[in-house]
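Q: Chains as they are written, first to last, in this note's numbering: chain A, 2 to 134; chain B, 2 to 134; chain C, 2 to 134; chain D, 2 to 134.
Protein chains: 4
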Amino acid sequence: MSKHFVFPVKIFPDDTDCFEIVYHANYLKYFSHARIEWFAALGHGLHDLKAKGIIFPVKHADLEYFQPARLGDELEILTTVTKLGRVSVTFSHKVRLARDLDSIICQGTVKIACVDEQMRPRKVPEFLCQAFT
Amino acid sequence: MSKHFVFPVKIFPDDTDCFEIVYHANYLKYFSHARIEWFAALGHGLHDLKAKGIIFPVKHADLEYFQPARLGDELEILTTVTKLGRVSVTFSHKVRLARDLDSIICQGTVKIACVDEQMRPRKVPEFLCQAFT
Amino acid sequence: MSKHFVFPVKIFPDDTDCFEIVYHANYLKYFSHARIEWFAALGHGLHDLKAKGIIFPVKHADLEYFQPARLGDELEILTTVTKLGRVSVTFSHKVRLARDLDSIICQGTVKIACVDEQMRPRKVPEFLCQAFT
Amino acid sequence: MSKHFVFPVKIFPDDTDCFEIVYHANYLKYFSHARIEWFAALGHGLHDLKAKGIIFPVKHADLEYFQPARLGDELEILTTVTKLGRVSVTFSHKVRLARDLDSIICQGTVKIACVDEQMRPRKVPEFLCQAFT
């Protein structure tokens, strides 16, 4: 099982603002999409997990912005797990240009909790533990 | 009871795109905010209506764009009811610059249905009928 | 040259709202992405067109909503040109579930103008005329 | 001159997702709005600053999420300056329910750089230095 996941993002006008760069809040959205697609690639769609009462709210996020992305840019989000807790998982997300994998647009760390529908902590599902260790 | 409602919108960077104008889809959001705040002004918060199983999905929308709005612009959404059906309501929304009420940025018509939690049609609540007739 | 374009959209949490359905304004965004990717497939990235001073603001949009899309749904946007003017193009967009191509989620018509950087009308570029006729 | 700024935010459906809570990325947007309105209250609209070539890209953001906000909630963003550098400013943003000022929804730290149109560092404008010291 691979220990990282690469997710592509293409920049459309609605990703950008009047400064002609990607609006800074959007990277959190791309990170979230990358995690969700990773889960899906492991066989677990977010809607199936939700139906089973397994929910992953974000508890902490940290983002560093290095250079702006712009209209038409094709980005890659490189995601790894940096900490696997009993009831939380911490991810690292690196954003780079697909045409220059040595570039660095933005880097983020996101900690998600695992909770049930009443927002009570629950054990991280086995499929994630197996995939990430 | 007044038969129209005026809702202010200020344009922030996230409202705009790299063409330095308000992204066209956002006007549907402003229209929705205007309707919700009108309902609230009539004493009915959307969350209270939702808790009672009264939901208003959009069924049809028509927008005409006249001139772009830009960063820092203060807009006014002038909303009226143009048709009050048994299980639907049609609104007209006119967007103009607050500093020039003769301007016209965008104009829209939005038809909302009234449904219950299973998306079955239900009668438009009395508070709306009274306000709009 | 094909006279239609199929664009896939996957529904993430940020596409939805607390009524657990796709927020109605987002379909205008998916329509826009579909047009942009069609242009790109014809060899013309939106950023290249923008750099040449060729801009396509939306002038009119009409949307009819048939049934809601939800978290995890995979949609297809089927796009055709319904009218090719000298300085404008009108598109039809049909949204259906990828798993049921007979379904209909939403249907829209969007008219875009072709303008220069000063928002003055300009002729629709040849590559579009050739592709759409 | 006050050393803090209070900015109200009301939660609409588009702020929330299918988990019926405010989508986590949106808090960065509210923080940005709070800073912009503070600048405006100090006499400097963002569009005026942009026209003068004074731009404030976000360089770093850190968010901690304590409890979710929901449809209809009225929030207050309490903003202070925690560090005033020569070419950057760091803000603290606390999000609480307007109806319970002892609550804590989310807390964030955002560092913005001051740059010119070519993204080169420039001195933080005097009006900010005076307001924040």
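Here a beta-carbon is modelled for each residue, glycine too, at the ideal position from N, C-alpha and C.
1) Within its chain, find whatever has a CB closer than 6 Å to the CB of F133/C; leave out the 5 residues flanking it on each side and keep chain order.
2) Between F13/A and the rest of its own chain, which residues show a CB-CB distance below 8 Å, the 5 nearest in sequence each way excluded?
3) Comparing C-alpha positions only, which one of I78/C, F6/C, K53/C, G54/C sits nearest to S104/C?
4) When Cβ atoms are compared, which residues of the region 39 to 68 of chain B fall closer than 9 Å to chain A?
5) With a threshold of 8 Å on Cβ separation, who are the neighbours of K11/C within its own chain once the five nearest residues in sequence on each side are excluded?
6) Could you name the residues of the same chain whose beta carbon sits closer than 8 Å to that of L98/B, not counting the 5 residues immediately before and after it, in chain order?
7) For K30/C, go through chain B and note every residue whose CB falls closer than 7 Å to its CB, in chain order.
8) Pull the bridge partners of R97/C from the DSSP assignment, please.
9) To the nearest angstrom, how far is the alpha carbon of G46/B from that of E38/B?
10) Can you give the beta carbon distance from C130/D to V88/D, rounded, assuming they're within the 8 Å contact cut?
11) With distances taken between CB atoms, is the gap from C19/A to E21/B smaller than 9 Å?
12) A26/A: buried (16+ other C-beta within 10 angstroms of its C-beta) or exposed?
13) Does the beta-carbon of H164/A have 16 or more other beta-carbons within 10 angstroms, so that it is buried, or is it exposed?
14) Between the region 68 to 96 of chain A and chain B, which residues of the former have a C-beta closer than 8 Å to a C-beta of the latter?
15) Helix, strand or coil for I22/A, going by three-state DSSP, please let me know.
16) Give the straight-line distance between the Cα atoms of G109/A and K112/B, rounded to the nearest whole angstrom.
17) Please state whether DSSP places A70/B in a helix, a strand or coil.
18) May I have the straight-line CA-CA distance separating T80/B from K30/D, to the nearest angstrom?
19) What first and last residue would you give for the beta strand (DSSP E) that runs through Q108/A?
20) Using three-state DSSP, classify M2/C as helix, strand or coil.
21) So which residues of chain C does I37/A contact, with C-beta pairs closer than 7 Å?
22) Going by beta carbon distance, what residues of the same chain come within less than 6 Å of V96/B, once the five residues before and after it are set aside?
23) Nearest to A62/A by CA position, among V125/A, F32/A, K51/A, is which residue?
24) Comparing C-alpha positions only, which one of K51/C, G54/C, F40/C, D101/C sits nearest to F5/C?
25) With a Cβ-Cβ cutoff of 9 Å, do A35/A and F67/A count as a contact?
26) Can you give the Cα-Cα distance for F128/C and G44/C, rounded to whole angstroms?
27) Please tell me whether E118/C has its Cβ less than 9 Å away from any Cβ of chain D.
28) Could you tell me which chain A residues have their CB closer than 7 Å to the CB of H5/C, listed as they occur along the chain?
29) Please check if any C-beta of chain B sits within less than 9 Å of the C-beta of S33/D.
30) Just the C-alpha distance for P122/C and T17/B, rounded to the nearest angstrom, thanks.
31) Using the three-state DSSP reduction, which class does S104/B fall into: helix, strand or coil?
32) Under 9 Å, Cβ to Cβ, is there at least one residue of chain B near I22/A?
33) Under 6 Å Cβ to Cβ from M2/D, same chain only, skipping five residues before and after it: list those, please.
34) Ordered along the chain, which non-local residues of its own chain (more than five positions away) have a Cβ less than 8 Å from that of P126/B?
35) Looking at the strands, I want to know which residues DSSP matches up with D63/C.
A: In this structure, then:
1) V82, L85
2) L72
3) I78/C
4) For the region 39 to 68 of chain B, no residue has a beta-carbon sitting nearer than 9 Å to a beta-carbon of chain A.
5) G73, D74, E75, L76
6) Closer than 8 Å at the Cβ level, and outside the excluded window around L98/B, lie A70, D74, E75, L76, E77, S104, I106.
7) A26
8) E77/C
9) 8 Å
10) No, C130/D and V88/D are not in contact; Cβ-Cβ is about 12 Å, not under 8 Å.
11) yes
12) Classification of A26/A: buried, given that the 10 Å Cβ count is 16 or more.
13) Here chain A covers residues 2 to 134 and nothing more, so residue 164/A does not appear.
14) Hits within the stretch, in order: R71, L72.
15) coil
16) Taking the straight line joining both Cα atoms gives about 41 Å.
17) Here A70/B sits in coil by DSSP.
18) 26 Å
19) That run of the beta strand (DSSP E) goes 107 to 114.
20) With a pLDDT of only 44 at M2/C, under the threshold of 50, the placement of this residue in the model should not be trusted, and no figure is reported.
21) Those within 7 Å of I37/A in chain C are F13.
22) Contacts found: L76, I78, I106, C107.
23) F32/A
24) Per the sequence shown, the amino acid found at residue 5/C is His instead of Phe. Ranked by Cα distance from H5/C, the first of K51/C, G54/C, F40/C, D101/C is F40/C.
25) No.
26) 9 Å
27) For E118/C, the answer is no, since every Cβ of chain D falls outside 9 Å of its Cβ.
28) What H5/C touches in chain A: nothing, since even the nearest Cβ is about 20 Å away.
29) yes
30) 21 Å
31) coil
32) yes
33) Unreliable positioning characterises M2/D in this predicted model, as indicated by a pLDDT of 44, which lies under 50. A coordinate reading is not provided.
34) H45, L50, I55, C115
35) D63/B, T110/C
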